[in-house]
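S.K.: Here the protein sequences line up with chains A and B, keeping their order.
Okay, so the first sequence: first residue is 1 according to this note's numbering, each after it adds one.
Okay, so the second sequence: first residue is 1001 according to this note's numbering, each after it adds one.
Below: one structure in structure tokens.
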Amino acid sequence: MVKIIFRDKEWELRAGMTVRDAILKVGLDPQAVLAVREGKLINEATILRDGDTIKLIGVISGG
Amino acid sequence: MKCRKCGAIAVINMRQHKLALCEEHFLEWVLERTERTIKRYRMFGPKDKILVAVSGGKDSLALWDVLLRLGYQVEGLYIHLGIDSGGYSDSSLEYVERFAAARGGARFRVVDVKTEYGQSVPELARRTHRGRKPCALCGLVKRHIMNRVAYEGGYDAIATGHNLDDEAAVLMQNTLRWQTGYLARQAPALPSTHPKLARKVKPFVRLYERETAAYAIVRGIEYIYDECPYAVGSTTNFYKELLNQLESRSPGAKLAFYLDFLRARKEGRLTLEGDEPPPMHECEKCGQPTTAPGLCAFCRLWVQRMDSG
């Protein structure tokens, strides 16, 4: 399984899907978040591996 | 997905440019694109003294980093607004201090609104805006202080970290309400209209917010991630979300929306009320330029505060 973290929320998804699909699956907009694995930015086509922990970083700020 | 330049693993894919890049080439691309933007809109040159307004957020710290790397004469300005909720202003300042320390003591100054003027922005808003959100007031206070510091310090331009998403959201808001006066003043570089007013420039205006955030992450810039407590649920953020939905369907839609607006105006296809700057007067109290005779909006605020206090 893959753990997805965004702010104070967490999800568990199956491995094998892309970052973009995972973002859509948890109901977020791929334009509005970036994905980080082990402190490194990863692109949206990256295939998620079993045991991965992916931190999603929101990019919208300001008011 | 591979970097288009070197074939290494890409860290970002920018659909609007059909461009995927690795860490090294993405950092290089951001610097090049910012430099091209500075030149395209004649923002400033290598001899100019630049004041960059920093909030501790990703955009302004990334901009400060980029301008330093490009070799410009740049100094930071942090305006402490006194937002207590969760220690927001204090935390933001800590990020600015850490950023500067990590860059050999990059120069910056701090203006503390409460220390200098007697009340923090939320306190001022409670008095003068009867408890409403202080965002409009905050903008007015920041503009006044930026202008004052730039004039007193002899800076040629004030640079802010506004990115393309910020500009496209404001453009959408103003277009939906046909705010032609605001539309006329929306530009990547606003020239000085008075000897006491520095140029205002936005060197990140051709970068998506996603790219400035990616730059901060890849460069290892620590920034305040939490939103200003007053900006949560703001109208601008709502418009950004709408524009991102459009972008998902049609990559490049945000970029085209904003750049075509600039192009139409430049080519004279769009003439807006207020294209000519209004005559300026100097405020009777602080001496800063203002469009109406008497006190400027900032000084009126403090008179109002004293009257109501």
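A virtual CB, placed ideally from N, CA and C, is assigned to each residue, including glycine.
Could you run through the stretch 15-32 of chain A and flag, in chain order, every residue whose CB is less than 8 Å away from some CB of chain B?
M.R.: For the stretch 15-32 of chain A, which is checked against every Cβ of chain B, the residues closer than 8 Å are Asp29, Pro30, Gln31, Ala32.
S.K.: Kindly indicate which residue of Val1030(B), Val1052(B), Cys1006(B) has the alpha-carbon position closest to the one of Lys1142(B).
M.R.: Taking only the C-alpha atoms, the option nearest Lys1142(B) is Val1052(B).
S.K.: Terminal residues of the continuous alpha helix (DSSP H) containing Asp1090(B)?
M.R.: That run of the alpha helix (DSSP H) goes 1088-1102.
S.K.: Determine which residues of the stretch 1163-1180 of chain B have a Cβ less than 8 Å from any Cβ of chain A, and write them out in chain order.
M.R.: Per Cβ criterion, the list reads Asp1165, Asp1166.
S.K.: Which chain B residues sit within Cβ distance under 8 Å of Leu41(A)?
M.R.: Those are Val1011, Ile1012, Glu1023, Ala1214, Ile1217, Val1218, listed as they occur along chain B.
S.K.: Chain B beta carbons: is any one of them nearer than 8 Å to that of Glu38(A)?
M.R.: No, no contact with chain B.
S.K.: Does Trp11(A) have its Cβ less than 8 Å from a Cβ in chain B?
M.R.: For Trp11(A), the answer is no, since every Cβ of chain B falls outside 8 Å of its Cβ.
S.K.: Checking 8 Å against the spacing of the C-beta atoms, do Val1011(B) and Leu41(A) come in under that value?
M.R.: Contact: yes.
S.K.: Got a sec, what are the start and stop residues for the alpha helix (DSSP H) Ile1009(B) sits in?
M.R.: Taken as a continuous stretch (DSSP letters only), Ile1009(B) belongs to no alpha helix (DSSP H), as it is neither H nor E.
S.K.: Under 7 Å Cβ to Cβ from Leu1255(B), same chain only, skipping five residues before and after it: list those, please.
M.R.: Closer than 7 Å at the Cβ level, and outside the excluded window around Leu1255(B), lie Gln1016, Leu1164.
S.K.: Exposed or buried, what is Phe1238(B) when buried is set at 16 or more other beta-carbons lying within 10 Å of its beta-carbon?
M.R.: Exposed, because fewer than 16 other Cβ atoms sit within 10 Å of the Cβ of Phe1238(B).
S.K.: Which residues in chain A have a C-beta closer than 7 Å to the C-beta of Lys1240(B)? List them in chain order.
M.R.: Near Lys1240(B) (Cβ distances below 7 Å), the residues of chain A are Ile60.
S.K.: Counting only beta-carbon atoms, is Glu1227(B) nearer than 8 Å to chain A?
M.R.: Yes - at least one Cβ of chain A is within 8 Å of the one on Glu1227(B).
S.K.: For Trp1178(B) and Tyr1258(B), I'd like the C-alpha separation in whole angstroms.
M.R.: Answer to the nearest angstrom: the Cα atoms are 15 Å apart.
S.K.: How is the beta strand (DSSP E) around Trp11(A) delimited, first residue to last?
M.R.: It spans 9-13 - the beta strand (DSSP E) in which Trp11(A) sits, taken as one unbroken run.
S.K.: Hey, Leu1197(B) and Asn1147(B) are a contact pair by Cβ (cut 8 Å); roughly how many whole angstroms apart?
M.R.: Indeed they touch by this definition, with Cβ atoms about 6 Å apart.
S.K.: Could you please give the first and the last residue of the uninterrupted beta strand (DSSP E) stretch that includes Ile23(A)?
M.R.: Counting along the chain, Ile23(A) falls outside any beta strand (DSSP E), though it belongs to the alpha helix (DSSP H) covering 19-25.
S.K.: Looking at chain A, is there any beta carbon in it that lies within less than 8 Å of the beta carbon of Arg1210(B)?
M.R.: By this cut-off, Arg1210(B) is an interface position.
S.K.: What are the boundary residues of the alpha helix (DSSP H) that includes Tyr1258(B)?
M.R.: Per DSSP, Tyr1258(B) belongs to the alpha helix (DSSP H) from 1253-1266.
S.K.: What do you get for Arg1206(B), buried or exposed, if any count of 16 or more other CB atoms within 10 angstroms of its CB means buried?
M.R.: Buried is the call here.
S.K.: Can you give me the C-alpha to C-alpha distance between Glu1023(B) and Tyr1215(B), rounded to a whole angstrom?
M.R.: So the alpha carbons of these two residues sit roughly 9 Å apart.
S.K.: Thinking Val60(A) and Ala32(A) are a contact (beta carbons under 8 Å), I'd like their distance in whole angstroms, please.
M.R.: Note that residue 60(A) corresponds to Ile in the displayed sequence, not to Val. The Cβ separation is near 5 Å, so the contact holds.
S.K.: Short check: CB of Ala1159(B) to CB of Pro1203(B), under 8 Å?
M.R.: Yes, the Cβ-Cβ distance between Ala1159(B) and Pro1203(B) is below 8 Å.
S.K.: For Leu34(A), decide whether its Cβ has a neighbour in chain B, counting only Cβ atoms nearer than 8 Å.
M.R.: Closer than 8 Å: yes.
S.K.: Between Asp1112(B), Gly1105(B), Arg1219(B), which lies nearest to Asp1090(B) when the distance is taken from Cα to Cα?
M.R.: Nearest option by C-alpha distance: Asp1112(B).
S.K.: Helix, strand or coil for Phe6(A) per DSSP?
M.R.: DSSP places Phe6(A) in strand when its eight states are reduced to three.
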